[in-house]
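**Student:**
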Amino acid sequence: MDKIKLLIQVLILISVSPLVSGFIKKIKNIIRMRRGPGLFQPYYNMAKLLQKEEVISENTSWIFRSTPVIVACSSVCALFLVPVFNTSVAFTQMGDLIFLMFMLALGRFFLALAGLDAGSAFGGMGSSREMFISAFVEPAAVMAVFAVSLSAGSTSLSVISAAGGTRLSSLIASAALFIVTLAETSRIPVDNQETHLELTMVHEAMVLEYSGRSLALIEMAAHIKQIIFLSVISLLLPLSGVLFFIIKIAVLAAAVAVVEISMAKMRLFRVVDLLVFTFVLSMIAVIVSGMGV
Amino acid sequence: MNYFNINLSFLSDWLTGFFIFVILLISVPSAVYSMPYMKGHYSTKKSMLNWALLIMFVLSMLLVVSVGNTIYFLVSWELMSLLSFFFVVFDYEDTESVKAGVLYIIMTHLGTACIAAAFFLLYKYTGSFDYAVIKSNISYLPAEVKNIIFVLLFAGFGTKAGIVPLHIWLPQAHPQAPGHISSIMSGVMIKTAIYGIIRFAICIFGPGPLWWGYTVMTAAAVSCLVGVIYALMEHDIKRLLAYHSVENIGIILLGVGGAMILKNMGLQFLALLSLIAGLYHLINHAVFKSLLFLCAGSVYRATGTRDMEKMGGLIKAMPWTAASFLAGSLAISAIPPFNGFVSEWLTFQSLFGGALNSAGGSRLFFSLMAAALALTGGLAAACFVKAFGITFLAAPRSTAAGKALEVPPLMKYMTALLSVFALILGLAAVPAIKIIKKAAGMILAIDTAGFNFALNNSVVSVNADKGLYVSNPYFAILFICLAGVIAAALYVFLGRSSVKVGKTWGCGYYNLDSRTEYTATAFAKPFKIALGFFLKPFRKIKKEGDSIYHIKKFEYETHTTHVFNEYGYDILMKFIMSTAKKIRRSQPGSINIYLGYIFITLLVLMLTVNMF
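Line by line, the protein sequences are chains A and B. Quick note on numbering: the first sequence equals residues -1 to 291 in this note's numbering. Quick note on numbering: the second sequence equals residues 7 to 618 in this note's numbering.
(1) Starting from the C-beta of methionine 7 of chain B, find all residues in its chain whose C-beta is less than 6 Å away, skip the five residues before and the five after it, and write them out in chain order.
(2) Using a 10 Å radius around the Cβ and a threshold of 16 neighbouring Cβ atoms, would you call alanine 116 of chain A buried or exposed?
(3) Going by the DSSP bridge assignment, what does lysine 549 of chain B pair with across the sheet?
(4) In chain A, which residues lie with their C-beta within 9 Å of the C-beta of arginine 369 of chain B?
(5) With three or more beta-carbon pairs closer than 8 Å as the criterion, would you say the region 197 to 208 of chain B touches the region 333 to 353 of chain B?
(6) Just the chain E side, please: which residues come within less than 8 Å of glutamate 136 of chain A by C-beta, in chain order?
(7) By the criterion of Cβ-Cβ separation under 7 Å, what are the contact partners of methionine 129 of chain A in chain B?
(8) Among residues of its own chain, excluding the 5 on either side of alanine 58 of chain B, which ones have a beta-carbon nearer than 6 Å to its beta-carbon?
(9) Would isoleucine 492 of chain B and valine 80 of chain A be called neighbours here (beta carbons separated by less than 7 Å)?
(10) Using 10 angstroms around the beta-carbon of methionine 99 of chain A, count the other beta-carbons present and answer buried if the total reaches 16, otherwise exposed.
(11) Considering only the alpha carbon of each residue, which of A:Leu235, A:Ala253, A:Val284, A:His201 lies closest to glutamate 128 of chain A?
(12) What is the rounded straight-line gap between the Cα of glycine 105 of chain A and the Cα of lysine 197 of chain B?
(13) For chain A, find out if any of its Cβ atoms is closer than 7 Å to the Cβ of alanine 407 of chain B; answer yes or no.
(14) Can you pull the chain B neighbours of glycine 151 of chain A, defined as C-beta to C-beta under 7 Å?
(15) If histidine 221 of chain A sits next to serine 19 of chain A, beta carbons under 8 Å apart, how far is it from one beta carbon to the other, in whole angstroms?
(16) Under 7 Å Cβ-Cβ, which residues of chain A neighbour phenylalanine 533 of chain B?
(17) Below 7 Å between beta carbons: does that hold for serine 66 of chain B and serine 40 of chain B?
(18) Can you check which of these residues, B:Met223, B:Leu246, B:Asp242, B:Thr224, is closest to valine 234 of chain B by C-alpha distance?
(19) Kindly indicate which three-state DSSP category glycine 346 of chain B falls into: helix, strand or coil?
(20) Who are the Cβ neighbours of phenylalanine 144 of chain A in its own chain at under 7 Å, not counting the five residues just before and after it?
(21) Would you decide whether leucine 14 of chain B is buried or exposed? Buried here means 16 or more other CB atoms lie within 10 Å of its CB.
(22) Just to confirm my understanding: we take methionine 281 of chain A, look at its own chain, exclude 5 residues before and 5 after, and list those with CB closer than 7 Å. What are they?
(23) Determine the DSSP secondary structure at glycine 514 of chain B, reduced to helix, strand or coil.
(24) How would you call phenylalanine 427 of chain B, buried or exposed, if buried means at least 16 neighbouring beta carbons within 10 angstroms?
(25) Using a Cβ-Cβ cutoff of less than 6 Å, which residues in the same chain neighbour proline 42 of chain B once the five nearest sequence positions on both sides are dropped?
(26) Check each candidate in B:Thr564, B:Lys548, B:Thr567 and name the one with the smallest Cα separation from lysine 558 of chain B.
(27) Indicate the three-state DSSP secondary structure (helix, strand or coil) for methionine 7 of chain B in the structure shown.
(28) Quick check on glycine 395 of chain B - is its C-beta less than 7 Å from some C-beta in chain A?
(29) What residue from B:Phe160, B:Glu253, B:Leu399 has the CA that sits closest to tryptophan 218 of chain B's CA?
(30) For methionine 7 of chain B and chain A, any beta-carbon pair shorter than 7 Å?
(31) Any Cβ of chain A within less than 7 Å of the Cβ of tyrosine 236 of chain B?
(32) Kindly give me the distance between the Cβ atoms of methionine 264 of chain A and leucine 272 of chain A, rounded to whole angstroms, as I take these residues to be in contact under 8 Å.
(33) Please go through the same chain and pick out, in chain order, the residues whose beta-carbon is closer than 6 Å to the beta-carbon of phenylalanine 25 of chain B, but skip the five residues on each side of it.
(34) Which of the three DSSP states, helix, strand or coil, is assigned to alanine 460 of chain B?
(35) Which of the three DSSP states, helix, strand or coil, is assigned to lysine 542 of chain B?
(36) Between B:Ala302, B:Met579, B:Ala323, B:Ala283, which lies nearest to phenylalanine 358 of chain B when the distance is taken from Cα to Cα?
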């Protein structure tokens, strides 16, 4: 029974994940005083891409062809570990929050390889920068995970979310995880999803060679990854329940949009400063959690 | 005095058994691999020499882990060092090999000197060379002597293991040996140093003071980071792998050092977990590093170069080797469901447990260790995206790479076999942990009967009440099911994807060649700039031409500064050389003066003989 519940939860989250991206875009456009595309535009994009013909480079190998499926699977697998609607999911035996990070690393590893596979300088540049950013994100993320886990006594997401109670350390760690989310979902100030200049792209440059169905899968994986991060943060924040969960996701998405609107993209090497700041923030969270608050 | 009455005794405990298993697990495939590897590239005489040395080398390693006496340990340790030295200079026509060999033999003997000093100190206080007797008499050791012995042993074994800053020989010596020997050296030989640390610092000494564990862990974290950062900068594929050995020795020692601290704090279960993580990573590293070194050997055979910038596109010519290298890359980057992931997860859990059960500074210390491990993991993943991507993907970057052919069957089967081992150790983590638990329990003298690290045969569980699980089999099944569902759904609803093969996007310029591809140097450049405070990059650009707009010749040179050589070893070398020059004045070559020296020596000895 639990397994069916979990499956339904995963399917719901997958189906609403593009909506969150559409929502962020909508808010950005409202702030910019533009009308912009509708909330469901990401779905239309997906439908369009699924029907398009694919063009692949002659240099590519099976790595390039299989990467979209691997990336999508790794994101969905990670989604199985996020207990949103019921905290006692049977699948928690698969792993904990640390495992979740490693699962996402699987998708990123292949995506970076695929970026190199076509032999284009843009793809290589994207791969290099993606791995660069993610390498520096990792310690900050682990520190933040430690901070919340030390309070709950476990690195398991279900135990953490079941522990409940608002703690100062969890709030600081959530702030750190929010910056981690910006970096991992290629948002301003770390990356820019809307740019059309290959030289400033990070994630987009890496998937530059993809088209059609493969691109649809990769975009879907990115949406899912985004909802995973937002869900994890919202599980750490106070107030539980389905309704509050939706509100929290909406608020976080709005925050992402506001950050995107009010900041410029940072130079790659300034991103390191931001991530070092995030690391220090999570370190403070660990220290604060040691004080028992 | 029974100086020469030394019993040759052998140990047969779980620790020895574990190491014998690791040695054989790696040595046998590497030896088989060497047959086609040597064929056609070395004379028959040299092939024979290879076999003779190889068998003795493996035997000497087996002796190191199985003798029960410090004198025999030293003898077999020295034998192992010398035999591996012969392999480093196996291609003695190459001056690089000789240089690396000389550095190796100097460093390894410095290490052996430390170990020997430690053993003789032990003999002085316990009156025996035998492990069992030393262990029963260990209480006679004053605390400060115990500390000195520990430092000597840690430095001595650390030299062999390649702990920073004693690592400088490792990235020079390991790549120079033939492929199968690099694999054994990196996969197994440096692990015998871990054996030494475990055997003496934990098994025989029992729980030492807290700072031992902190020292080991700090050195481990530094090794992790320095190893992986240098690896990222390296474009020689075998040297890159050698630097990763420095990194992985660090990860293993994080587990070992953690066990020392946690045992001291009285946290039996966590100490056990930490040591299991270390030992598990030891066997995992042995498997994937020898796998990667064998693949690198195959690539070297196929292309004739170790420079990654001259490779590329090999996945099409060498699909087997590429698949094996990919498996090794995933394993070393700790990506599930491969083996490296399980041991890193266990290390994270033991660090988390340590942080959870301590307060104040040590809580932060354990968290920082976890952060260091996370950064190491991230950088390692970046490094292996580079290593695999530049070597095997895209279009060939040189004609040699374009003409490369798959290696002989025996070579590719051996690498495939090792990648299967890597997968099995990842999926069958529960049985592996059950066996390693016995070794770890024996080392720490903990009764393991009450401690369970598994929920069932596929779920590794650290604390079932707290939901600390990990299960690679579940993940693998879920992953494969999802992949099947996605592929099937796309096929059923949309039919076969229509794919057109075209040229790579070049902003409208369609004559891209291998020179426009991204390079390993470029891939590593962001890291070089961001870590510039440590790497101290050097860059020289020289332009020649009529004006700044018309350049005829362009020279570009870039490299990083190895701070340990620049600010440590080089200064030391200079000092030694200048001192030697001063001492030379006392050796003028006149026989009268030498006779005088002998006379003075005799006089001094006669006067002081009563003091002994």
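C-beta: ideal position from N, C-alpha, C; glycine also. Computed from a prediction, not measured in an experiment: that's the story for all the values here.
**Tutor:** For this structure:
(1) Any reading at methionine 7 of chain B must be qualified, since the residue scores a pLDDT of 45, below 50, and its modelled position is unreliable; the value itself is stated next. Taken in chain order, the list of residues that qualify is empty.
(2) buried
(3) B:Phe560
(4) Leu148, Val284, Ile285, Ser287, Gly288
(5) no
(6) The structure shown contains no chain E; its protein chains are A and B.
(7) Ala387, Ala388, Val391
(8) none
(9) no
(10) buried
(11) A:His201
(12) 32 Å
(13) no
(14) Leu362, Lys472
(15) 5 Å
(16) Phe130
(17) no
(18) B:Leu246
(19) helix
(20) Val284
(21) exposed
(22) Met141
(23) coil
(24) buried
(25) Pro414, Leu416, Met417
(26) B:Lys548
(27) Its pLDDT being 45, under 50, methionine 7 of chain B is placed unreliably by the model, and the measurement read from it follows with that caveat. Residue state, collapsed to three classes: coil.
(28) yes
(29) B:Phe160
(30) The predicted model places methionine 7 of chain B with a pLDDT of 45, which falls under 50 and marks its position as unreliable, so this point remains unresolved.
(31) no
(32) 6 Å
(33) Val71, Tyr201
(34) strand
(35) coil
(36) B:Ala283
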